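Have a look at the structure below before the remarks.
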Amino acid sequence: MAVPIYAAAMYLSYRSAAQQLELGAERDADELASRLAAELDAVIRPIEGGIRTVAAQLEEIDPPREQYEARIRGILAAWPDVYGSTIAVETGSAHAGSGPFAPYLFRRSGGVAFSDLALDSYSYQTLPWYRRAADRREPVWSSPYFDAGGGEIWMVTYSVPFYRRPADAPRTLAGVVTADLDLNWVRAAAQNAALGPIGMGWLLSPPGQESFVAPIGATAERIAAFDASITEQTFRDTGERMLASGATFELVRGSTAEPVYLAVRGLETLEWRLMLAIPRAELLADARALLERQLLLGAVGLVLLIAAISFVAAGISRPIHALAESVDGAREGAFDFRLPETRRRDEVGVLTEALRRMRDSLQRHIELRAEDLAARARLEHELAIAASIQQSMLPHGAADAHPAGARVAAALLPAKQVGGDLYDYFERDSGLLFAIGDVSDKGIPAALFMASVSGLFKVLGSAGELPERLLARVNERLAASNDACMFATMGCGFLDVATGLVRYASAGHDQPLLLELGGSIEPLEAENGPALAVEAPAVYPLTERLLAPGDTLVLFTDGITEAAAADGSLFGLDRLSALLRDGAGPGSPDVLVRRIVAAVTTHTADFHATDDLTVLAVAFAPRGVTPSRSANGEQWLIEPELSAEGCREARHWLRQILAARRVADGRIADVELIAEELLTNIVRAAGEAGGASSMSLTLALTPAEIVLTVRDDGLEFDPLARAAPNLDVEIAERDVGGLGIHLVRELADECRYARSDDCNVLTICLNRSVARREYAT
Amino acid sequence: MTLKITVDQSSTPTLKLVGRLDTDTAPQLDGELTKVLAHKGIKRLVFDLGGLDYLSSAGIRCFVRARKGIEPNGGTVAIVNPQPGVRKVLDIVKAIPAKGIFASVAELDEYLDAIQQQVRDEGKELDK
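Chains as they are written, first to last, in the working numbering: chain A, 11 to 787; chain B, 185 to 312.
Written out as structure tokens, the structure reads:
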């Protein structure tokens, strides 16, 4: 990365330096031209001044002619560059003193020679050097000319007119003072100018005059070194154009070779031009050399830089590599990796120190986490124990542990390890006391409160309290010391297994569902008292309901009905009812409970259970009565022992069952009477020959009918075949026998006898609600 | 389910039955009847069934037995105040003639007073 940046910087620097150098070279060339022009002007300007001074003196003093020569000698003495000088007087004017007079002094052979231009029949007043000054009435320079008759040299002449102002007369021309300038001097001066190996130039007279060219270093070879398309004339034309436009410097391009700089100056004194032509390559040669040297140095620097960077980088990367290897061990969880010792104070040292701090803090973190995990494991363990203790508070109802006359099943699924739901049941006073409860809140507080409720229920329940009183007493105890403001709902019932009567009281709990043998479902309409531990004293209304054998009371907590599926739908009472209706056969609460738990957990699927689920099912199952479902109703098989006691028991169950099904009292009495008459006959005949050894009774209920079927295994005997007694004969003559069968026939809507499986089977049908006839008084 | 029997031995001997009269309790009533019928010359026996909930043929036999014990001597057995269910059974079996069954004690008293008038000459007529 550093290398290209460095190279780019170098290139930009080179470009900038080259531009600067080029600008410098251009300036140098321009300045050279200016300097040369100024040097020439510096020689010429004093001469101009001197001649004008002489002219002014002549005007002012008007010395006699004899003194002219002395003045001319003074000029030659003062300016060695002046070759010759004259003071030529005007003869054409009115005030002219005498005839032509033009003494000319000039250098020859190291001395000064004299020549009178007038004497030499030299009609000087017509010559250009005189005429132009006289006519223009100002100092003028002549064009270059070759002095063929005089010094045999190229020269230019500076002519200054002077005037007289005689009294009462206008100012008139008196003569012209001249100085001849040897142009060999110009050539020498030009040749002294240095223009490098191939630079060259010219000092030129302006175009249109006698052409004089003083080459400055220009030779035929040098011109040839330029582009062939660029000639001397090209330069001169370009130079003239430049002067016309006021430019002093220009790059002249030929068709092929290097372009050429052309610097042009006009002299301030003489109307001459100085032109310098320098090839661009030559002008920039030094600059190029300098730049190339810089480039070389830069390249060397770059190489050195790369080497230095590599060296420094290696110094950093090696320890970093070592660090990386050390830290790599941490990937397998070994956070106690060793770090290399270092005293470095650079970034590597800082990094190592940072890693050391990280490692140490990681180790501390791991230790803390291990402690945390241990603490959590302890807590989990304690919770597990708590859960097991809590589970042990619940009755573990194995089938054989069920009390006589009832079957119970229950399930409790805590949402957390320990829960706030509870259920309990135990046998007491020929009955079953049972309860279900739901403590507010969840987790450990709820579990502790649940334990307290559960304990009170056991103690007070065992003491013989019935549900309504039991709840009131449990409530009193809980409310008295309820600083935590917990509360619990509870449903509590007592099933009298001798009668099927349930006494139920509720402390704010959901109404249980009563599932009848035939599958119909209705809530146990129990009036609620306040939840436990809320207020004391509280009254818990008693609800009584008679169960028929095979009926099941299902108690549950709201964890069942409010179990939510992932889509938010609750399990609900309707689902629960439907499940019970289609559910297990009669008297199997354990199957019922399993089905409910399975349905609820299926409903919630993977969705986290938010509340404890508890369900308790109590089925009434007295000994000697076998409930079953029939095609269109319910039926109970009663198998009493063959005795008066057995008859009593059978009649008792008939009465209870019919009462539980809310059959009218009159009908119940009819059915009981029929049963009594028939069973009594069987029992009475049992002691005789051909008597039965067992009997049974089946009560079947359909929506319309009550059907009683009595069986005995005695000898074939159809009681219906016996003629009806003659009730109108005198009482004293009547046989009391046959009254029972008569009663049966009269009360029943239909009687049938059949001999089946070696048994006498008597079937009696009664209309369920209406007696066949009423016997008015 | 039991039977409670109260025996009133005042001017008109009355057995007040409360509860159920069936196979199980009939022997109990039989025992009382035995004692009551032991008094020779008893002319009237009244069963007050106001408290009787249930009556089966075993009970009816007790009534028949009472009639057999009293009526041959010109006596009378009456039933008072039967509940509808019991009345229904009595009606079916016709163990007691309809004119011997009274809805209330007042009705019975009125009837007995009428009997007093005829008892001398029409003693046998009561059965018809």
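C-beta atoms are modelled at their ideal positions from N, C-alpha and C, and glycine is treated no differently. Fair warning: this is a prediction, and the values are worked out from it, not measured in the lab.
- Residue-level contact by beta carbon fails for T636/A and chain B, as no gap is shorter than 8 Å.
- Proximity of chain A to G234/B at the Cβ level (cut-off 7 Å) is not reached, the minimal Cβ distance being about 14 Å.
- Under the three-state reduction of DSSP, S371/A is assigned to helix.
- In the structure shown, the three-state DSSP call for S195/B is coil.
- Spatial neighbours of I648/A in its own chain (CB-CB distance under 6 Å, excluding positions within 5 residues in sequence) are listed in chain order as V635, A660, W663 and L707.
- For T719/A, no Cβ of chain B is located within less than 8 Å of the residue's own Cβ.
- In terms of Cβ geometry, V230/B and P268/B do not form a close pair [threshold 8 Å].
- Per DSSP, the continuous beta strand (DSSP E) segment holding Y173/A begins and ends at W164 to R174.
- By the neighbour-count criterion, in which a residue is buried when 16 or more other Cβ atoms sit within 10 angstroms of its Cβ, Q29/A is exposed.
- A Cβ-Cβ distance of about 7 Å is found for the pair L301/A and L31/A, placing them in contact under the 8 Å criterion.
- Assignment of Q521/A by DSSP, reduced to helix, strand and coil, places it in the coil class.
- P266/B sits close to L274/B, with the two beta carbons spaced by under 8 Å.
- Judged by DSSP secondary structure, D506/A falls within the beta strand (DSSP E) whose first and last residues are A498 to D506.
- Sequence-distant partners of A575/A (beyond 5 residues in either direction) whose C-beta falls short of 7 Å from its own C-beta, in its chain, are H613, T614, A615 and F617.
- Contact annotation: M500/A and L470/A have beta-carbon atoms that are not nearer than 8 Å.
- In the displayed model, K224/B falls within coil according to three-state DSSP, outside both helix and strand.
- For T101/A, the secondary structure class from DSSP, reduced to helix, strand or coil, is coil.
- Contiguous beta strand (DSSP E) elements confined to the segment 630 to 714 of chain A occur at 635 to 640, 643 to 648 and 705 to 711, taking only those with 3 or more residues.
- In the same chain as T260/B, and ignoring 5 residues on each side of it, the C-beta atoms closer than 8 Å to its own belong to K227, R228, L229, I254, G284, I299 and L310, in chain order.
- Considered as a whole, the segment 533 to 594 of chain A harbours 568 to 571 and 582 to 591 as its complete alpha helix (DSSP H) runs of no fewer than 4 residues, in chain order.
- Here T260/B is bridged, per DSSP, to R228/B.
- Contact between the segment 315 to 325 of chain A and the segment 244 to 257 of chain A is absent: fewer than three C-beta pairs spanning the two stretches fall below 8 Å.
- Less than 8 Å divides the Cβ of I570/A from the Cβ of V625/A.
- Residues of the segment 645 to 679 of chain A with a C-beta atom less than 7 Å from some C-beta of chain B are A654, C657, R658, G676 and A679, listed in chain order.
- The C-alpha of I774/A is placed about 21 Å away from the C-alpha of G701/A.
- Cα atoms of V603/A and A394/A: separation of roughly 24 Å, rounded to the nearest angstrom.
- Interface criterion met: the Cβ of G750/A is under 8 Å from a Cβ in chain B.
- DSSP links V720/A through a beta bridge to L707/A and L772/A.
- Look at I254/B: its C-beta is not under 8 Å from any C-beta on chain A.
- With respect to the 8 Å criterion, S125/A and Y114/A are classified as neighbours on the basis of their beta carbons.
- G121/A has R118/A as its beta-bridge partners, per DSSP.
- For Y433/A, the enclosing beta strand (DSSP E) covers residues D431 to R438.
- Taking a beta-carbon distance threshold of 8 Å, A262/B does not count as an interface residue toward chain A.
- Taking a 10 Å sphere around the C-beta of D577/A, we find fewer than 16 other C-beta atoms and assign the residue as exposed.
- At least one C-beta of chain B is nearer than 8 Å to the C-beta of E686/A.
- Residue-level contact check: L683/A touches chain B, since one or more beta carbons of chain B fall below 8 Å from its beta carbon.
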